[in-house]
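> Submitted below is the structure of interest, expressed as structure tokens.
Given below as structure tokens:
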């Protein structure tokens, strides 16, 4: 019986850096203009990776600090992470290191797939180069 491989991806970063816009762009191929702070949303998309059809299970997380209890849980179950910061907000870039450390601590491993994403590159005012 053939079972499709599933990958659990988690999108983390400060509030307002564009995690949801990035996720929705990936899943639905359109850009969301309005900002509506996320508590937690889950999306699934069938993709082809290295010639194999598989399922991406993408968790779009809350950037707000008050949901930190949920954070350990999704960091435990996530298999790959997108660490998102906004290029016009240097603090969000500095905080990426905290997310990275937290993921490594929760998973008790230095070998966790992570991708650093500099978002909002279309904006004129940059704070991170």
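Residue numbers (full-length UniProt numbering): 1 to 129. All C-beta atoms in this analysis are idealised placements derived from N, C-alpha and C, irrespective of residue type, glycine included.
With DSSP as the reference, label residue 62 as helix, strand or coil.
If DSSP states are grouped into helix, strand and coil, residue 62 belongs with coil.
> Could you name the residues that DSSP lists as bridge partners for residue 23?
According to DSSP, residue 23 bridges with nothing at all.
> Identify whether residue 70 lies in helix, strand or coil by the three-state DSSP scheme.
Residue 70 falls in the helix class under three-state DSSP.
> Going by DSSP, what residue range makes up the beta strand (DSSP E) through residue 47?
Element bounds for residue 47: 40-49.
> Taking the alpha-carbon positions, what's the residue 31 to residue 17 distance?
Distance between the alpha carbons of residue 31 and residue 17: 14 Å.
> Measuring straight from C-alpha to C-alpha, what distance separates residue 20 and residue 84?
Roughly 10 Å separates the two Cα atoms.
> Give me the Cβ distance between residue 10 and residue 74, rounded to the nearest whole Å; I'm assuming they're in contact under 8 Å.
Residue 10 to residue 74, Cβ: 5 Å. Contact.
> Quick one: measure Cβ to Cβ for residue 103 and residue 81, integer angstroms, because I've assumed they're closer than 8 Å.
Right, the Cβ-Cβ distance comes to about 6 Å (below 8 Å), so this counts as a contact.
> Judging by CA-CA distance, which residue of 69, 44, 86 is the nearest neighbour of residue 59?
For the residues 69, 44, 86, the minimum Cα distance to residue 59 belongs to 44.
> Thinking just about the alpha-carbon of each residue, which of 101, 94, 87 is nearest to the one in residue 125?
Nearest C-alpha to residue 125: 87.
> Please name the residue, chosen from 12, 62, 57, 111, that lies closest to residue 27 on a Cα-to-Cα basis.
Minimum Cα distance to residue 27 is reached at 57.
> What does DSSP give as the partner residue(s) for residue 53 in the beta ladder?
Beta-bridge pairing links residue 53 to 48.
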